[in-house]
Amino acid sequence: MSTPESPARDHHRSSGDATPPPADDGFRAKAREFLARHAPGPMEGLDAAEQLRIAKRFQAAAYDAGLIGITWPAEYGGQGLTAAEQQAYDEEAAHHDLPTGVFMVGMGMCGPTLLDLGTHEQKARYVPPLLRGDEIWCQLFSEPGAGSDVASLQTRAVRDGDEWVVNGQKVWTSGAQFADFGALLARTDPDVPKHRGITMFIVDMHSPGVTVRPLRDMTGRAPFNEVYFDDVRLPADAVIGEVGGGWLAALTMLGHERVSIGGSVRRGSDPLAFDNLVDLARRRDRADDPVVRDRLAELYAHERALALFNTKLRQEAEAGASPGARGSIAKLAGAELLWRAVDTAGLIAGPALTSWEEGDAAAEEMAVAINGTPASSIAGGSNQVQRNIIGERLLGLPKEPQVDRDVPFRELKVGTQRTP
Amino acid sequence: MQLVLDQEQQELRSAVRGLLAEHAPPQRVRELAEADGHDARLWRRLSAELGVTGLVVPEEHGGAGAGHVERAVVLEELGRALAPVPFLASAVLATDVLLALDDTAAQAELLPAMVSGELVAAVAWDQESVPSATRRDGAWVVDGRARRVVSGDIADVVLVQATTGQGTAWFRVRGEHVARTPLRTLDPTRRLVDLDFAAAPAEPLSTSDPDAVRARVRDLAAVALSAEQLGGMARVLEMTAEYAKVRVQFGRAIGSFQGVKHRLADMCCALEQAEAAVRYAAWAADAAAEELPLAAALVQVLVAPATFQAAADTVQLHGGIGYTWEHDAHLYYKRAKTSELLLGTPDQNRARLADLLQV
Ligand SMILES: Cc1cc2nc3c(=O)[nH]c(=O)nc-3n(C[C@H](O)[C@H](O)[C@H](O)COP(=O)(O)OP(=O)(O)OC[C@H]3O[C@@H](n4cnc5c(N)ncnc54)[C@H](O)[C@@H]3O)c2cc1C
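Chains as they are written, first to last, in the numbering used here: chain C, 1 to 420; chain E, 421 to 779.
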């Protein structure tokens with residue numbers, strides 16, 4: 001949805017996220033100036049390769065300007081600054097549609113996990129190019145038989161001298177088509193219970209034996225993939241954390257993932273964002289309808305509450321409290337917010353949401369947003385799984401009965417490890 | 421913007437929580453709900469001992485010169501305990517009216533006694549029926565009926581916005597000059613009364629803009645009430661999660677069933693977001709006056725329905741026991757519904773938010 005017809009937009013944004021900047025806010029000014037000069041324009045109509053080139057160029061420029069990895073340790077290429085600077089940058093960035101999606105898995109998940117669990121050599125080698133966008137990462141967890149139940153994965157890595165040999169299949173791997181590296185979970189010991197025999201590896205996606213096949217999603221696009229491993233050889237120092245300690249590594253990454261997805265800045269151009277739905281209501285002459293106003297106000301309240309909750313999580317993190325399972329709240333609330341927005345969009349536009357003339361870019365984008373809404377409720381752990389996490393880890397409710405916790409993976413009588 | 425409580429604010433919270441645990445346990449709240457609904461001794465402890473009634477009052481008037489963030493913390497605790505004290509009426513509504521006026525004489529006279537707890541003040545400002553004020557023999561008198569005045573049953577002083585020949589103005593009327601009609605209430609822990617003024621002697625309160633006073637007080641009341649609701653929501657979540665761990669059906673704790681677990685998770689999700697929003701609104705009340713109207717409308721729209729939902733789910737998830745008079749769930753349920761409607765209906769609140777957003 002285009003911006004010029006959005007008189008309300010700046011009003012809402014600024015009355016919101018905005019603590020008025022401290023008088024001497026050089027960092028914010030620097031960010032604002034940089035973004036004004038370097039934020040790329042709309043990318044509709046460009047092919048994927050061209051979009052990737054633009055995204056990488058922007059990321060590198062932002063990195064070189066000191067605006068990426070703001071809170072990351074300086075030792076590994078970050079800026080070593082505080083959450084306040086990060087927040088200032090995020091607030092400025094929210095005014096633009098930055099092509100940062102392709103870096104999200106690396107920045108939000110793989111990078112932080114490397115910082116937590118990687119060796120000094122791994123961090124020094126992988127983190128700086130990850131931040132600069134020179135190397136793109138993907139997350140190789142899910143398999144056809146192991147989604148919510150990641151620990152039932154079957155891809156195996158077998159030790160061969162100094163190397164590991166990987167065979168198996170991953171699925172729904174976001175961005176694998178662009179990725180240079182992946183964080184891979186593989187089974188290294190089938191003789192222990194399923195959570196204990198997993199190891200996390202760094203895999204070079206250009207290695208022989210790695211095949212990436214695009215998979216179309218329900219919007220018709222192909223942002224994720226199937227990934228096949230046929231005798232892919234990994235060096236011994238590819239292990240992240242401990243051999244057999246992959247479940248801990250996975251939990252670490254999943255924790256980062258929820259915070260990252262939940263806390264990700266909503267793109268200003270998201271047709272389901274409050275401001276854009278207000279524009280839609282105006283354009284369709286529906287802004288005076290009391291029911292529409294009612295729903296829009298409610299939507300605003302939920303959108304804003306989630307933004308405030310995320311700010312609060314960041315402030316707590318700054319004060320030294322880890323968000324832990326509370327990232328699940330942000331993630332779940334974000335997914336539920338989208339459903340609310342889909343309802344509101346339908347209320348405003350009615351049947352016009354269902355058909356439009358060729359070339360109506362705004363309608364097209366809205367359709368993609370509506371068709372893409374289920375993704376938030378599934379990817380990164382489904383809403384049901386987030387609710388389980390909130391219930392069990394935040395509220396201390398009893399876990400569900402588990403039938404497979406202590407059985408060696410090889411002997412499991414249930415589950416998906418038994419290939420016919 | 422500061423959304424996390426600092427050390428001192430957390431200490432304030434534990435002090436209030438501790439006092440309420442000792443002096444306002446559920447048993448006591450119930451006894452009072454069935455009697456006159458007001459605990460004078462607890463009120464004195466809160467005001468004279470802890471000094472929390474004067475958190476937003478400047479030191480020159482006997483207050484603590486703290487702020488709305490601190491007051492919100494206190495309200496959360498009062499809402500958690502359903503404490504039977506006139507805090508909302510006196511330490512919120514009436515205090516805010518006085519502070520918003522230009523009347524330094526009235527402030528100097530009333531605020532110290534309100535802060536110390538000796539004087540309970542209430543505010544009559546319901547828009548359904550607005551009393552009128554006239555000058556008679558050189559003095560003002562107020563006539564008419566004010567509806568549903570919070571803690572109007574025990575108010576020593578009533579602050580009232582009344583119509584005059586020229587618009588409206590604020591007045592103070594002494595308790596002995598009003599006739600009180602106690603109302604039966606949905607929420608037995610919050611007394612509401614109708615007040616009748618019949619040529620009641622009134623002293624005008626000085627302000628250049630009576631409606632601005634009202635608007636500010638309404639915004640601050642929305643923040644305060646939301647904080648109180650937040651406390652209630654936190655308590656019912658706690659109560660229900662505890663119960664779900666110990667109540668066994670079909671051989672398992674009910675909290676291990678997803679139908680139960682997921683509803684609690686949703687409650688938790690709503691609570692955490694409500695908390696962030698309430699902290700923000702309280703911060704805005706102290707530090708960003710220009711953001712206050714929107715922040716106040718935001719918390720009203722968000723928190724009230726979420727609190728009622730949480731209270732309703734609490735009854736549901738406790739099953740039959742939750743529906744009994746003996747269980748506390750209904751007290752929170754009734755309070756939540758009452759609070760949801762106290763400052764306007766949810767649709768009115770959303771319409772106001774839409775206005776502020778220029779939708
Ligand atoms: C857009 C998108 C991008 C993705 N990107 C990646 C990626 O980059 N890397 C990657 O590794 N994976 C990725 N995934 C995979 C994603 O993590 C899984 O799809 C997700 O975890 C759910 O697993 P599943 O699809 O196997 O569903 P299942 O686990 O089979 O679930 C099916 C249904 O059962 C419910 N369910 C399952 N278990 C429980 C339970 N214990 N309690 C209650 N309900 C339950 C689920 O909520 C769901 O409704 C992506 C998925 C999507 C949609």
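Glycine residues also receive a C-beta, built at the ideal position from the N, C-alpha and C atoms.
- Query: According to a CB-to-CB cut-off of less than 7 Å, which residues of the region 521-550 of chain E neighbour chain C?
  - Reply: Cβ contacts with chain C come from no residue of the region 521-550 of chain E.
- Message: Using the Cβ count rule (16 or more neighbours within 10 Å means buried), how would you classify Ala23 (chain C)?
- Response: Because the pLDDT of Ala23 (chain C) is 41, which lies under 50, any placement of that residue in the model is unreliable, and the number read from its coordinates should be weighed accordingly. Exposed, since its Cβ has fewer than 16 Cβ neighbours within 10 Å.
- Any beta-carbon of chain E closer than 8 Å to the one on Glu143 (chain C)? Judged by the 8 Å Cβ criterion, Glu143 (chain C) is not in contact with chain E.
- Quick one: which chain E residues come within Cβ less than 7 Å of Ile370 (chain C)? Result: empty, since nearest Cβ-Cβ is about 21 Å, beyond 7 Å.
- Message: Given the structure, does Gln177 (chain C) come close to ligand 2, in the sense that its CB is under 7 Å from one of the ligand's heavy atoms?
- Response: This structure lacks ligand 2; the ligands present are ligand 1.
- Task: Please confirm whether Tyr63 (chain C) and Leu131 (chain C) have their CB atoms less than 8 Å apart.
- Result: Contact: yes.
- Can you grab the Cα-Cα spacing for the pair Ile389 (chain C) / Gly168 (chain C), in whole Å? One alpha carbon belongs to Ile389 (chain C), the other to Gly168 (chain C), and they sit about 28 Å apart.
- Thr311 (chain C) touches chain E at which residues, Cβ-Cβ below 9 Å? Going along chain E in sequence order, the residues near Thr311 (chain C) (Cβ under 9 Å) are Met421, Leu423, Ala696 and Tyr700.
- Query: Is the Cβ of Asn388 (chain C) closer than 8 Å to any Cβ of chain E?
  - Reply: Residue contact with chain E for Asn388 (chain C): present (Cβ-Cβ distance below 8 Å to some residue of chain E).
- Would you check whether ligand 1 has a heavy atom nearer than 7 Å to the C-beta of Ala379 (chain C)? Yes, Cβ of Ala379 (chain C) sits closer than 7 Å to a heavy atom of ligand 1.
- Message: Quick check on the burial criterion: 16 or more other C-beta atoms within 10 angstroms. Buried or exposed for Glu479 (chain E)?
- Response: Under this definition Glu479 (chain E) is an exposed residue.
- Query: CA-CA distance, Arg405 (chain C) and Gln669 (chain E)?
  - Reply: Their Cα atoms are separated by approximately 23 Å.
- Item | Listed by chain order, chain C residues near Gln693 (chain E) by CB distance under 8 Å | Those are His302, Ala305, Leu306, Leu308, Phe309, Ile329 and Ala333, listed as they occur along chain C.
- Task: Check whether the region 642-649 of chain E touches the region 588-607 of chain E, counting contact only when three or more Cβ pairs, one atom from each stretch, lie closer than 8 Å.
- Result: In short, these stretches do not touch, since the Cβ pair count stays below three.
- Query: Looking at the structure shown, is Leu229 (chain C) part of a helix, part of a strand, or coil, going by DSSP?
  - Reply: Checking the displayed sequence, the identity of residue 229 (chain C) turns out to be Phe instead of Leu. Looking at Phe229 (chain C) - three-state DSSP - the assignment turns out to be strand.
- Message: Taking the straight line between their C-alpha atoms, what separation do you get for Ser152 (chain C) and Ala146 (chain C)?
- Response: C-alpha separation (whole angstroms): 6 Å.
- Cut-off 6 Å between Cβ atoms - residues of its own chain near Pro21 (chain C), not counting five sequence neighbours on either side: Low local confidence applies: a pLDDT of 48 at Pro21 (chain C) is under 50, so the model's placement there is unreliable, and no value is given.
- Does any CB atom of chain E fall closer than 8 Å to the CB of Glu357 (chain C)? Answer no: the Cβ-Cβ gap between Glu357 (chain C) and chain E never drops below 8 Å.
- Task: Taking Asp767 (chain E) as the query, report the chain C residues whose CB atoms sit under 9 Å from its CB, ordered along the chain.
- Result: Those within 9 Å of Asp767 (chain E) in chain C are Pro290 and Asp294.
- Task: On the DSSP bridge assignment, give the partners of Ser174 (chain C) in chain order.
- Result: Answer by DSSP bridge pairing, in chain order: C:Phe224.
- Task: Would you verify that the beta carbon of Val779 (chain E) is, or is not, closer than 8 Å to some beta carbon of chain C?
- Result: Yes, because at least one Cβ of chain C sits closer than 8 Å to the Cβ of Val779 (chain E).
- Task: Measure how close the beta-carbons of Leu277 (chain C) and Leu296 (chain C) come, nearest whole angstrom, since I'm counting them as under 8 Å.
- Result: Contact check for Leu277 (chain C) and Leu296 (chain C): beta-carbon distance about 6 Å, within the 8 Å limit, so the pair qualifies.
- Message: Measuring alpha carbon to alpha carbon, tell me which residue in E:Gly474, E:Pro624 and E:Ala694 is nearest Ala559 (chain E).
- Response: The alpha carbon of Ala559 (chain E) has as its nearest neighbour, out of E:Gly474, E:Pro624 and E:Ala694, the alpha carbon of E:Pro624.
- Message: Let me see if you follow: with CB-CB separation under 8 Å, is Leu394 (chain C) close to chain E or not?
- Response: True, the Cβ-Cβ gap to chain E drops below 8 Å.
- Would a check of beta-carbon distances place Ala664 (chain E) closer than 8 Å to chain C? Cβ-Cβ to chain C under 8 Å: yes for Ala664 (chain E).
- If I'm right that Ser488 (chain E) touches Val476 (chain E) with Cβ under 8 Å, what's the distance once you round it to whole angstroms? Sequence check: residue 488 (chain E) is His here, not Ser. Going by Cβ atoms, the distance from His488 (chain E) to Val476 (chain E) rounds to 6 Å, so yes, they are a contact pair.
- Which residues, taken in chain order from the region 473-491 of chain E, show a beta carbon closer than 9 Å to some beta carbon of chain C? Residues: none.
- Message: How far does the alpha helix (DSSP H) with Ser734 (chain E) in it extend, from its first residue to its last?
- Response: Checking the sequence, you will find Thr at residue 734 (chain E) rather than Ser. Its alpha helix (DSSP H) spans residues Leu712 to Gly742.
- Item | Cβ-Cβ separation, Ala771 (chain E) to Asp294 (chain C) (assumed contact under 8 Å), whole Å | 7 Å between Cβ atoms; contact.
- Message: Less than 7 Å separating the Cβ of Gly147 (chain C) from some heavy atom of ligand 1?
- Response: Distance from the C-beta of Gly147 (chain C) to the nearest heavy atom of ligand 1 is below 7 Å.
- Classify Asp237 (chain C) as helix, strand or coil using the three-state DSSP reduction. Three-state DSSP puts Asp237 (chain C) in a helix.
- Message: So Leu684 (chain E) contacts chain C; which residues on that side make the cut at Cβ distance below 9 Å?
- Response: Under the 9 Å cutoff, chain C gives Arg387, Ile390, Gly391, Leu395 and Leu397.
- Item | For Ser328 (chain C), the first and last residue of its enclosing alpha helix (DSSP H) | Run containing Ser328 (chain C): Gly327 to Ala349, per the alpha helix (DSSP H) assignment.
- Query: Should Ala622 (chain E) and Ala553 (chain E) be called a contact, given that it needs their Cβ atoms to be closer than 8 Å?
  - Reply: Cβ distance < 8 Å, so Ala622 (chain E) and Ala553 (chain E) count as in contact.
- Determine which residues of the region 250-280 of chain C have a Cβ less than 8 Å from any Cβ of chain E, and write them out in chain order. Along the region 250-280 of chain C, going in chain order, the ones with a CB nearer than 8 Å to a CB of chain E are Val278.
- Interface residues of chain C around Lys754 (chain E) at Cβ under 7 Å? Result: empty, since nearest Cβ-Cβ is about 24 Å, beyond 7 Å.
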